[in-house]
Structure formats: structure tokens, C-alpha cells
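In my numbering, the protein residues as written are 16 to 275.
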């Protein structure tokens, strides 16, 4: 019998971490390559806004970086800090708003890889986020932002499914667009997680709202924080040798932003 739970994926950090942590090596390798290629300073201190479980923070800490992050969800922050502590690192993640924060010591690099930025509901919050990031970065440092744009020409991705496994635990995920309100700048996503162990089956049913951005809207937003320049643009293939030009068909985009 399936145990159905209506709730937020973010309140189940163990499953979140498994589901989104499978591709950590490709992401970490790409981040390090970006630091070497585009940063004008040596990257040692890193910050992740909306860090969640810290799935990348722990891996980067193990590669020698000093890491920190913030997130609104206390369950995720506890999971992140517990793991950092378990491996001998400082408990450096805090409960906080990615659109309203200050750091005690500026960072050389920052990243937000899987669309979490789009949880910010208004243009004011989004602008404030980029201003906070610019204020926290050293001159010449990088903010690497992965975001799904809404194409204004051609097809767009409507749903996505994937499977993650660790030991006897398997999580099947299905995410789809339930509503798209381009005028109101909101995309409502449905997400079902089927969690299997040898003796149980649970299903978490979640809904998430993401602010929408076309390529033009994103360009307008970034122009509001001139301290950040676009050093390069890649896609979610994380291939350093391939940069892209953003146009009306662009969807999966990684902005390499650099502090002027």
C-alpha cells in the first residue's frame, strides 16, 4: 500500500539530496573550470544562495574550498550542517533569505545551479538578490547561475522524469508544468516523488511556483545590477569548450556573471 504525503520536497532533505545529487561531479568539475577560466581572482571562498542540503558545498569543501550558504528551509540547513560537521568542516550554512543577506567576509565565487533563483516571486526580490550577490563578491569574482528560461520561439520542455538510487533506497521523480501564466510571470509545477525501500512505498505530492523569465526579461533584470557583467554563457551540458548565444529559443542557460 502506498503512503501518500502532500508536502514540500524541501522538508525531506534525505530524498532531495539523493534526487538532485546524482550529477554532482559534472557540476563541481564545471564550476572549478569556470573559476580557472573566467575569474580574475584566485577562488578560495565560495557561497551558495538557496543551498538546500549543501549537496555541492560538501563536495567543494572536500576539494579544499571554504564554503558557506543560506536557505529558508531549516530542515535543509540542519542536514547540510550536520554533514559538514560529520566530515570535519565548519557548520557554515545559515537559515536566510537569498534576496536579503550580508556576508561577514566577501567570497570569491558563488553558484546557484538548479533554478532555485526562480523561487523569488517578484522583480524587486530578484533585483535585491543580484545586488546582495554583487555586494558579497570580491572584485573579479564569479556568480554562476543556472536557470530555465521560457523560450518565445520553438518548443519548450513540459515535463521531466528521472530516477536516483542509493543502497536500498530508490526515488522516482516526475515533474510537469501544471499552469503557465506568462502575463503574471508564474509557472506552477507539479512534482511527485515515489520513494521505494525493500519494505515500503511512499509518494510525496508537491507543487512549486517559479517566476518566469524570457531571455529579454532576464537581460533587463541583470542590467539593473551593473556591478555584474556577463563573462560567458553556457548550457546545462556543462561543456567548457561550448559557449552559447542567448536567443528566443534558449531554455537551459548557465550565466557566468563577474563582479566588475
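Ideal placement from N, C-alpha and C gives every residue a C-beta, glycine not left out. Just so you know, these numbers come straight off a predicted model, no measurement behind them.
{"Query": "Cβ-based burial, residue 245 [other Cβ within 10 Å; buried from 16]", "Result": "exposed"}
{"Query": "Host beta strand (DSSP E) of residue 223 (start-end)", "Result": "215-226"}
{"Query": "Cβ distance (whole Å) where residue 214 is taken to contact residue 56 below 8 Å", "Result": "That belief does not hold up - the Cβ atoms of residue 214 and residue 56 are roughly 52 Å apart, past 8 Å."}
{"Query": "Through-space distance from residue 203 to residue 167, alpha-carbon basis", "Result": "18 Å"}
{"Query": "Cβ-based burial, residue 133 [other Cβ within 10 Å; buried from 16]", "Result": "buried"}
{"Query": "Spatially closest choice to residue 236 from 219, 47 and 272, by CA coordinates", "Result": "272"}
{"Query": "Where residue 193 falls: helix, strand or coil (DSSP)", "Result": "strand"}
{"Query": "DSSP-derived helix/strand/coil call for residue 209", "Result": "strand"}
{"Query": "Whether residue 189 touches residue 266 by CB criterion (9 Å)", "Result": "no"}
{"Query": "Selected residue, minimal CA-CA separation from residue 40, among 254, 260, 264 and 262", "Result": "254"}
{"Query": "Length of the line joining the Cα atoms of residue 93 and residue 82", "Result": "15 Å"}
{"Query": "Nearest residue (CA-CA) to residue 68, options 31, 62, 44 and 103", "Result": "31"}
{"Query": "Residue interval of the alpha helix (DSSP H) (run including residue 94)", "Result": "89-101"}
{"Query": "Residue 28 (DSSP reduced to helix, strand or coil)", "Result": "helix"}
{"Query": "Other residues of its chain near residue 130: CB distance less than 8 Å, five sequence neighbours each side excluded", "Result": "161, 162, 163 and 225"}
{"Query": "The stretch 20-28 touching the stretch 84-100, judged by at least three CB pairs closer than 8 Å", "Result": "yes"}
{"Query": "Three-way DSSP call (helix, strand, coil) for residue 151 in this model", "Result": "helix"}
{"Query": "Residue of 260, 193, 173 and 231 minimising C-alpha distance to residue 249", "Result": "260"}
{"Query": "Beta-carbon spacing of residue 80, residue 59 below 9 Å", "Result": "yes"}
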